[in-house]
Amino acid sequence: MTRTVGRVVAVAIPVVFLGWFFVYPLVAILATGLTDAGRIDLSPLRDVLGSARLRGVAWFTIWQACASTILTLLVGLPAAYVLARYEFPGRRLVRAAVIVPFVLPTVVVGTAFLALLGPGGPLGVDLRRTVWAILLAHVFYNVAVVVRTVGTLWERLDPTLEDAAAMLGAGRWRAFREVTLPLLRPAIASAASIVFLFTFTSFGVILILGGFRFSTLETEIYTQATALFDLPVAAAISLLQLAGVGTLLLVYSRRQARRTVELALQARADTARRPATWRARTLVTATVTMLALLVGSPIAVLVLRSVTAGGSWTISFYRGLGASTAGALAVPPGQAIVNSLRFATAATVLALGIGMLAAVIITYRRGRLATAFDAVLMLPLGTSAVTIGFGFLVALGRPVDLRTSPWLVPVAHALVAIPFVVRAATPVMAAIPARLREAAAVLGAGPGRAWREVDLPIATRAALVGAGFAFAVSLGEFGATSFIARPSTPTLPVAIFRLLGQPGAATFGRAMALATILMALTATAIVLADRFRFGDLGDF
Amino acid sequence: MRTRPTAVVLAGAAVAAALAACGGDGATDDMTELTLLTHDSFAIPDEVLEAFTRETGVTVTLTAGGDAGSVLTQAILTKDNPIADVMFGVDNTFLSRALDEDIFVAYRSPALDTVPADLQLDPQHRVTPIDFGDVCLNYDVEAFGADLAAPATLEDLTDPAYRGLLVVESPATSSPGLAFLLATIARFPEGSDYPWQAYWEDLAANDVLVTSGWEEAYNAEFSGGAGEGSRPLVVSYASSPPAEVIFAEPRPETAPTAVITDGCFRQVEFAGILEGSDGGSAAEALVDFMLTETFQSEVALNMFVFPANADVALPPEFVEFTIVPTTPLTIDPREIGNRRDAWIGEWIEIMQ
Chain A
412 MTRTVGRVVA VAIPVVFLGW FFVYPLVAIL ATGLTDAGRI DLSPLRDVLG
462 SARLRGVAWF TIWQACASTI LTLLVGLPAA YVLARYEFPG RRLVRAAVIV
512 PFVLPTVVVG TAFLALLGPG GPLGVDLRRT VWAILLAHVF YNVAVVVRTV
562 GTLWERLDPT LEDAAAMLGA GRWRAFREVT LPLLRPAIAS AASIVFLFTF
612 TSFGVILILG GFRFSTLETE IYTQATALFD LPVAAAISLL QLAGVGTLLL
662 VYSRRQARRT VELALQARAD TARRPATWRA RTLVTATVTM LALLVGSPIA
712 VLVLRSVTAG GSWTISFYRG LGASTAGALA VPPGQAIVNS LRFATAATVL
762 ALGIGMLAAV IITYRRGRLA TAFDAVLMLP LGTSAVTIGF GFLVALGRPV
812 DLRTSPWLVP VAHALVAIPF VVRAATPVMA AIPARLREAA AVLGAGPGRA
862 WREVDLPIAT RAALVGAGFA FAVSLGEFGA TSFIARPSTP TLPVAIFRLL
912 GQPGAATFGR AMALATILMA LTATAIVLAD RFRFGDLGDF
Chain B
-6 MRTRPTAVVL AGAAVAAALA ACGGDGATDD MTELTLLTHD SFAIPDEVLE
44 AFTRETGVTV TLTAGGDAGS VLTQAILTKD NPIADVMFGV DNTFLSRALD
94 EDIFVAYRSP ALDTVPADLQ LDPQHRVTPI DFGDVCLNYD VEAFGADLAA
144 PATLEDLTDP AYRGLLVVES PATSSPGLAF LLATIARFPE GSDYPWQAYW
194 EDLAANDVLV TSGWEEAYNA EFSGGAGEGS RPLVVSYASS PPAEVIFAEP
244 RPETAPTAVI TDGCFRQVEF AGILEGSDGG SAAEALVDFM LTETFQSEVA
294 LNMFVFPANA DVALPPEFVE FTIVPTTPLT IDPREIGNRR DAWIGEWIEI
344 MQ
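As given, the protein sequences belong to chains A and B, one line each in that order. Okay, so the first sequence: first residue is 412 according to the numbering used here, each after it adds one. Okay, so the second sequence: first residue is -6 according to the numbering used here, each after it adds one.
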C-alpha cells in the first residue's frame, strides 16, 4: 500500500511541476498569441512559414547549433578524456574552472570576446560580428557540459577493457573506437543534446557577438514580442521552434532507450594514472593549453580589467563596490551575493529533487511513456525564454497569484537546470548492472532498499555533477528570468547589468569586479562539490 | 519504477526546504500596499520611497520586468488582471501602443502644472510625464582637435573625413537605436529630396558600425568612456558626459566626452495607473509623489535622465558638463505608433 502511494507520489512530483510551470504556461501563451476574438487563428503560422526571411532565420538557427555542438564535442571530448584518465597537478581546478563561463552574463562575455577577437587581439584578425565569434562563444559556454557529463562516465569505465583489446592486437585508436566509444555513447549523446538545445535557443551571444545581422528563432521571438508587439507572429515562431525541438528530442530519447549498455563501473582511483609516457604528457599539456586559450583567456581578460585602470594596477573597483556615489545603482555586493546564493540554493534543491525522481522514472520505466516524459523534461531547455516568461504571466494569476512571487525565479532556473541533472544521472544509472540489484534482492532487500543501497550511492556522484550545473545555471540567471516580473531583489548578474548600463570608467571597472567575484564564488562551490564523497564508496 | 516512500519523502523534504530557503515573509497588515511595475533601469534610493510611506502610510513594492519593451508587453498581457497598480517607464516611442491597448486609467495629477507642456503628450492624461532624456551623438574629446574638428551636424557624419568613426545601435533591439533612427527620420523626412533612407545609405557607405545594444556600442566600440573601443563617435545620451565625470576615479576636471547637439531625439518617460488596479487614491498619490521635489531631485543622479518638473534644480554636473538641446527632434507618438514597424523593417533592408 505505502509502496504504491510512494510510487504515485514519485511520479506525481515531477509531472505536476512540469505541468504547472511549463506545459500550462506554454499552452496558455501560445493560445493567447494564436487566438483572435475567441477563435483559434493559425494564419500567423502560414505567414511565418511563407516568409523567405524567417525560413533563412530557421536554417541559420539549425546550422549554427549543429556547428556549435560539433565544435564543442571536438574540444570537449579530448578534454574529458585527459581530465578523467590522468592525474596531474591542477586537475581539480581545471575541472571546476571549465564551468565558470556558465555563470557569466552574455553581455560580460561579449566585452571579453570583442576585445580578444578584435584586430588588436591575439589572433590578429577581426572576427567580431562574424559567425566565428558566435561559434567560439558557444564552445566557451558549453565545453563544460561535455567535459563533466562525459567525464563522469569515462573516469568510471574499466580501462582493462581497452587494454584487453590492445592485447588482442587492436591499435589504441581501434580499441577506442570499438570498445570505449560505444560505451561512452549515451553520455556523449546526453551532452550533445544539451549543447544543441542551449545553442539552438541562444540569445545574448547572437545579439552581442553577431551584431544586428544575425538572428535566430530566439532573437526573432524576442524582437517580435517586445519591440514590434506582434504576439501572433511571436507565438507562431515559438510553436515552430517547439515542434522542431520536440521532434528531435523524441527521436533522441527513443534511440537512447535502445542503446543502454550495462557496465562494470570502477572507482576513479582505480582508473586514473599519472601521464608517464611522452605521448601522454604531450596530450595532457596540449589539452590543458587548449582549454586555457578557449576558456581561460576570456576569463583572464575580465579579471584583468577588474584590477587595472589606465594601464596600472588598482583595487579601487573592488573598494568602490560598496560606495554610495552611484546612488541606488550601487547594490551592496554582500546583499547581491546573498540573494544570488539563496536563489541558487533553492533552484538547485528543486532541480535535484525533481530531476532525480525523473531520472529514476526514465531509467527503470522504459517504454513509450517514459520516452515521452524524457523528451518533455528536456523541452524547457529548447523553449524560448521569452515564451516561458510571458507564459508565466498569462497562466499563473489564478487560483493563487504567483506571477510576481519571488518563487518564480528559482522555479524558472530549475526548469532549465532539471535537464542537466537528468542528463548527468541517467547514463550512469542506466549503466548500473541489474544483477547488483538482483543480488541485493536475493539477500532480502526490498526494491526501495536495493535502490537506496545500490543505485543511490553510484547515482549521487552523477547527480552532484548535475547539481553543479543547476547551481551555475541559477547563479548565471539563465532562462526566463529576464522576462518575468520579479521583485527587485538584485542578484549579482542584475547588479552587473545595472553597472554596465551606465557610462563611466568606474562603473565598467566595478562591473568587471563583480563578475570576478561571481566567477570566484562559482569555482569555489564547484571545487567543494567535486570533493564530496558518498559513504565509503570513494570517488563515486 | 520501484522506490520506497523514504526516497520520496526525502525528495519532498528537499522541495520543502527549497521553498523555505526562499520564502518571503508574506506578512500582511493593515497598511495599504502598492506595486510599482518598472523596467530594469529604474533606480531610486530606498529613502525616497520610504518618505512616501511616511507621508501617506502606503508601502510601495517594486517589480522589475526586464527592458522597457518587455515591461510594456507584460502590462498588455495582464491587462485583465494587472500585476501592479502603477507602471513607470513607457516612453513616447512606445506610448501609442500602450494607449491603443487601454492599459491606463485617466488621471490628471495637480502636480502636472510644474511640467512643461511639450512633455505632456497625452491630452487625456492617461499617462503622466516623469522624466525625459535626449538621445544624442557623443564624441570622444581626445580624438578630435586641430586636425579634425568634431562633427557638428548629422550631415557631417556622411563626410568621408569621418569615415569609420561612428557606432550606432540597431533600432530593432535598442531604445537609443530606435530614438536615433527617429531623429534621422524627423530631420530627413520621407518624400523629401534627401529622405532618411538616402541618409542611411550614405552612413552605410561611410562605414557606420551597427551593434545590437547600447552596452556593446558604448563599452566595447566607443573609444571614450571606458576607452575599450576604436570609434570616437557613438549614439548615447545627453547625460552621458556628466556620468563620465561622476563615475571616474579620480574625478576629472573636464568631461572626457561631449555631446553633439544636432540630431538629438527627446525620449519622455511616463507613469500611469493600470486599468483594474484597486489602488484608488493611493495610486494617484504615488503618481503625484513621482512629480514632487523629493522624487524628481533624485532622478538625475540615479537614472541619468532630466526631471520633468521644471522647478527642480539640476545637479551641478548636469549643468557644467553637458548641454540640453533646446530644440530636440521629436515625432508625434501616434505617427511613431503607426509607422515604427515599417520604418524598422525598411532600415533593416537598407543596412543588411
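The beta-carbon is built from N, C-alpha and C at its ideal position, and this holds for glycine as well. Because the structure is a prediction, the values reported are computed rather than measured.
Partner residues on chain A for residue i, Cβ-Cβ distance less than 7 Å
i: B:Val203; result: Gly622 and Phe623
i: B:Thr66; result: Ala636, Thr637, Phe640 and Phe801
Identity of the residues DSSP links to residue i by a beta bridge
i: A:Tyr497; result: A:Arg684
i: B:Phe81; result: B:Ala264
i: A:Leu897; result: The question names Leu, but residue 897 of chain A in the sequence shown is Arg. For A:Arg897, which the question treats as bridged, DSSP gives the partners B:Ala57.
i: A:Ala720; result: A:Ser723
i: B:Glu26; result: B:Thr52
i: B:Val98; result: B:Ile266
i: A:Asp447; result: A:Arg450
i: B:Pro300; result: B:Asp124
i: B:Val203; result: B:Val161
i: B:Phe215; result: B:Arg224
i: B:Leu322; result: B:Phe258
Closest by C-alpha distance to residue i, when choosing among the options
i: B:Val247; options: B:Ile266, B:Ser229 and B:Gly218; result: Per the sequence presented here, residue 247 of chain B reads as Thr, with Val not at that position. Measuring from the Cα of B:Thr247, the nearest candidate turns out to be B:Gly218.
i: A:Ala586; options: A:Ala603, A:Pro570, A:Ala758 and A:Ser601; result: A:Pro570
i: A:Ala786; options: A:Ile451, A:Arg814, A:Arg776 and A:Pro830; result: A:Pro830
i: A:Gly417; options: A:Val827, A:Pro530 and A:Ile772; result: A:Ile772
i: A:Thr693; options: A:Phe471, A:Leu639 and A:Pro489; result: A:Pro489
i: B:Ala68; options: B:Gly50, B:Val53 and B:Leu92; result: B:Leu92
i: B:Asp115; options: B:Val292, B:Glu262, B:Asp281 and B:Ala172; result: B:Glu262
i: B:Glu221; options: A:Met701, A:Gly855, A:Gly721 and A:Ser664; result: A:Gly721
i: B:Ile266; options: B:Thr121, B:Pro308 and B:Glu208; result: B:Thr121
i: B:Glu148; options: B:Gly338, B:Tyr187 and B:Gly273; result: B:Tyr187
i: A:Glu849; options: A:Pro838, A:Asp866 and A:Ala835; result: A:Asp866
i: A:Val718; options: A:Leu925, A:Asp452 and A:Leu465; result: A:Leu925
i: B:Leu202; options: B:Val134, B:Arg156 and B:Trp189; result: B:Arg156
i: A:Val561; options: A:Val542, A:Ser604 and A:Ala577; result: A:Ser604
i: A:Ala874; options: A:Gln913, A:Thr563, A:Ala654 and A:Val805; result: A:Thr563
Amino acids of chain A, ordered along the chain, whose beta-carbon sits closer than 9 Å to that of residue i
i: B:Asp60; result: Thr637 and Ser893
i: B:Gly218; result: Pro914, Gly915, Ala916 and Phe919
i: B:Gln190; result: Ordered by position in chain A, no residue passes the 9 Å Cβ test against B:Gln190, which lies about 17 Å from the chain.
Closer than 8 Å at the beta carbon, the chain A residues around residue i
i: B:Glu328; result: Chain A residues near B:Glu328: none, gap ~16 Å exceeds 8 Å.
Within chain B, the residues that residue i reaches when beta carbons sit closer than 7 Å
i: A:Gly912; result: Ser34 and Glu208
i: A:Pro709; result: Per Cβ cutoff of 7 Å: no residues; A:Pro709 is ~13 Å from chain B at best.
i: A:Val518; result: Glu208
i: A:Ala958; result: Chain A is shown only over 412 to 951; residue 958 of chain A falls outside these bounds and no answer can be derived.
Contacts that residue i makes with chain B (C-beta to C-beta distance below 8 Å)
i: A:Arg814; result: Thr71 and Ile76
i: A:Arg897; result: Thr56, Ala57 and Gly58
i: A:Ser727; result: Glu242
i: A:Gly461; result: Those do not exist, as A:Gly461 stays about 16 Å from chain B at its closest Cβ, beyond 8 Å.
i: A:Phe611; result: Result: empty, since nearest Cβ-Cβ is about 19 Å, beyond 8 Å.
i: A:Gly731; result: Glu242
i: A:Ala521; result: In the sequence as displayed, the identity of residue 521 of chain A is Gly instead of Ala. Correct list: Glu208, Glu209 and Ala213.
i: A:Phe908; result: Asp33
Rounded distance between the beta-carbons of residue j and residue i, thought under 8 Å
i: B:Ser205; j: B:Ser167; result: 7 Å
i: A:Ala508; j: A:Leu620; result: The pair is not a contact, with the Cβ atoms about 22 Å apart (cut-off 8 Å).
i: A:Leu732; j: A:Arg921; result: 6 Å
i: B:Phe288; j: B:Phe282; result: 6 Å
i: A:Arg897; j: B:Thr56; result: 7 Å
i: A:Ala476; j: A:Phe625; result: Actually they are not in contact, since the Cβ atoms of A:Ala476 and A:Phe625 sit about 13 Å apart, beyond 8 Å.
i: A:Ala825; j: A:Leu761; result: 4 Å
i: A:Pro838; j: A:Pro597; result: 4 Å
i: A:Ile440; j: A:Ala646; result: 7 Å
Proximal chain C residues relative to residue i, where beta-carbon distance stays under 9 Å
i: B:Arg119; result: Although the question refers to chain C, the structure presented lacks it and instead comprises the protein chains A and B.
Partner residues on chain B for residue i, Cβ-Cβ distance less than 9 Å
i: A:Val839; result: Within 9 Å Cβ-Cβ: nothing; A:Val839 doesn't reach chain B, min ~17 Å.
> What runs of the alpha helix (DSSP H), each 4 residues or longer, lie entirely inside the region 833 to 869 of chain A?
Replying inline: Within the region 833 to 869 of chain A, the complete alpha helix (DSSP H) runs of at least 4 residues are 845 to 853 and 858 to 861.
> What are the complete beta strand (DSSP E) segments, minimum 3 residues, inside the region 221 to 295 of chain B?
Replying inline: The qualifying runs are 226 to 230 and 250 to 267.
>> I'd like the ranges of any alpha helix (DSSP H) spanning at least 4 consecutive residues and lying wholly in the region 735 to 780 of chain A.
In response: When DSSP assignments are scanned along the region 735 to 780 of chain A, the uninterrupted stretches of alpha helix (DSSP H) that are 4 or more residues long and fall wholly within it turn out to be 744 to 775.
> In chain order, which beta strand (DSSP E) runs of at least 3 residues are fully inside the region 455 to 501 of chain A?
Replying inline: Runs of the beta strand (DSSP E) inside the region 455 to 501 of chain A: none found.
> Of all the beta strand (DSSP E) runs that stay within the bounds of the region 95 to 154 of chain B, which reach a length of 3 or more residues?
Replying inline: With a minimum length of 3 residues, the continuous beta strand (DSSP E) runs that stay inside the region 95 to 154 of chain B are 121 to 133.
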